[in-house]
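S.K.: Below: one structure in structure tokens.
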Ligand SMILES: Nc1nc2c(ncn2[C@@H]2O[C@H](COP(=O)(O)OP(=O)(O)OP(=O)(O)O)[C@@H](O)[C@H]2O)c(=O)[nH]1
Ligand SMILES: [Mg+2]
Ligand SMILES: [Zn+2]
């Protein structure tokens, strides 16, 4: 029978079969399961992992590669003003999605609060025409048979969205602390079924989304706001578009986008 990984804590994995039956297994490390993996489950519960269509991964502060979720159709970048989602995080997330051939959607939450409503205008001004923005979040915005993973900084409201969309599940949500940051309430990614075979994945808060193996050329190719810059005619053929003289990129984008691009390169130490 076929199954899928709903959640994965260390070596313990919750698997849901196509008949909706769920069971927990302690898996061998070499199977290396991630939330969203499709599985073949034999009658003796022997598990084999099917090939992945895609993966969303990041490098942690300790330089470990963390698989956030796999086999996705969309990534919802959940952002809010309180706690603030740095623009640098949104840029990193968009570039990572494009690197992994995943479609990003920016979801602005907490629109009942004026600051967040103003933040939505900032987001629209920055990403207009380059990335879809969905605020308030509405799953009807997505084509059917979607599997969306919600990512964002702690406290941006990912679990609250899941609770709103699926009334019969309860994902723990957290108070913001005195510094207005989230408290890392969600500790592991979890996949939920929606009607029509659609799925949503709640994930723990992250502060950055640096991928392993991204080159400077790829950052340039995927950077939001650089979509229509070809042909490039910089003075130097191997221009890195970082402060070289007569760089056609610097000359053709706003100072604000250019500064964001430099910051992105710096976050990758490139
Ligand atoms: N006013 C308001 N508060 C919200 C909204 N959505 C979430 N919050 C609050 O923001 C805080 C954090 O929400 P969570 O849903 O736990 O955030 P999270 O992104 O899941 O956080 P982590 O699991 O730590 O990554 C909670 O106190 C929520 O009640 C909203 O639309 N409006
Ligand atoms: Mg949460
Ligand atoms: Zn250049």
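Residue numbers (this note's numbering): 2 to 271. Note that beta-carbon positions come from the ideal geometry of N, C-alpha and C, so glycine has one too. As the structure is a computational prediction, the values presented were derived from the model and not from experiment.
Looking at C-alpha atoms only, which residue of 202, 139, 264, 16 is the closest neighbour of residue 224?
M.R.: The candidate whose alpha carbon is nearest that of residue 224 is 264.
S.K.: Using C-beta distances below 7 Å, list every residue in its chain close to residue 64, excluding the 5 sequence neighbours before and after it, in chain order.
M.R.: Within the same chain, residue 64 has no close Cβ partners at all.
S.K.: If you measure from each CB to the nearest heavy atom of ligand 3 and keep those under 5 Å, what residues do you get, in chain order?
M.R.: Taken from the N-terminal end onward, the list reads 235, 240, 242, 248, 250.
S.K.: Skipping 5 residues on each side, what residues in its chain have a beta carbon closer than 7 Å to that of residue 12?
M.R.: Correct list, in chain order: 27, 28, 30.
S.K.: Taking 7 Å as the cut-off, is the beta-carbon of residue 110 closer than that to any non-hydrogen atom of ligand 2?
M.R.: Result no, Cβ not under 7 Å from ligand 2.
S.K.: Within the continuous alpha helix (DSSP H) that includes residue 93, where are the two ends?
M.R.: Unbroken alpha helix (DSSP H) run through residue 93: 88-100.
S.K.: Residues in its own chain within less than 6 Å of residue 74 by CB, not counting five upstream and five downstream?
M.R.: Once the five neighbours on either side are set aside, the close Cβ partners of residue 74 are 147, 148.
S.K.: Could you tell me whether any non-hydrogen atom of ligand 1 is closer than 7 Å to the CB of residue 114?
M.R.: At least one heavy atom of ligand 1 is nearer than 7 Å to the Cβ of residue 114, so yes.
S.K.: Under the criterion of a Cβ to heavy atom distance below 7 Å, does residue 160 qualify as lining ligand 4?
M.R.: Absence of ligand 4 from the depicted structure is noted, with ligand 1, ligand 2 and ligand 3 being the only ligands included.
S.K.: Can you give the beta carbon distance from residue 211 to residue 268, rounded, assuming they're within the 8 Å contact cut?
M.R.: Residue 211 to residue 268, Cβ: 6 Å. Contact.
S.K.: Once you ignore the five residues that flank residue 234 on each side, which residues in its own chain have a CB closer than 8 Å to its CB?
M.R.: Result list for residue 234: 249, in chain order.
S.K.: Going straight from the alpha carbon of residue 98 to that of residue 199, what length do you get?
M.R.: Those two C-alpha atoms are separated by around 20 Å.
S.K.: Check whether the stretch 139-158 touches the stretch 71-90, counting contact only when three or more Cβ pairs, one atom from each stretch, lie closer than 8 Å.
M.R.: The stretch 139-158 vs the stretch 71-90: in contact.
S.K.: So residue 96 packs on residue 258, CB below 8 Å; how close in whole Å?
M.R.: The pair is not a contact, with the Cβ atoms about 13 Å apart (cut-off 8 Å).
S.K.: In the DSSP assignment, what residue or residues form a beta bridge with residue 273?
M.R.: The requested residue 273 is not part of the displayed model; the chain covers only 2 to 271.
S.K.: Could you tell me whether any non-hydrogen atom of ligand 1 is closer than 7 Å to the CB of residue 80?
M.R.: No.
S.K.: Count the other C-beta atoms from every protein chain shown that fall within 10 angstroms of the C-beta of residue 240, then say buried if there are 16 or more, exposed otherwise.
M.R.: By the neighbour-count rule (16 or more Cβ atoms within 10 Å), residue 240 is buried.
S.K.: Anyone know if the C-beta pair for residue 140 and residue 166 falls short of 8 Å?
M.R.: The answer is yes: Cβ separation under 8 Å.
S.K.: Check for me: the alpha helix (DSSP H) holding residue 126 runs from which residue to which?
M.R.: Run containing residue 126: 115-128, per the alpha helix (DSSP H) assignment.
S.K.: Mark residue 159 as exposed unless 16 or more other C-beta atoms lie within 10 angstroms of its C-beta, in which case mark it buried.
M.R.: Buried, since its Cβ has 16 or more Cβ neighbours within 10 Å.
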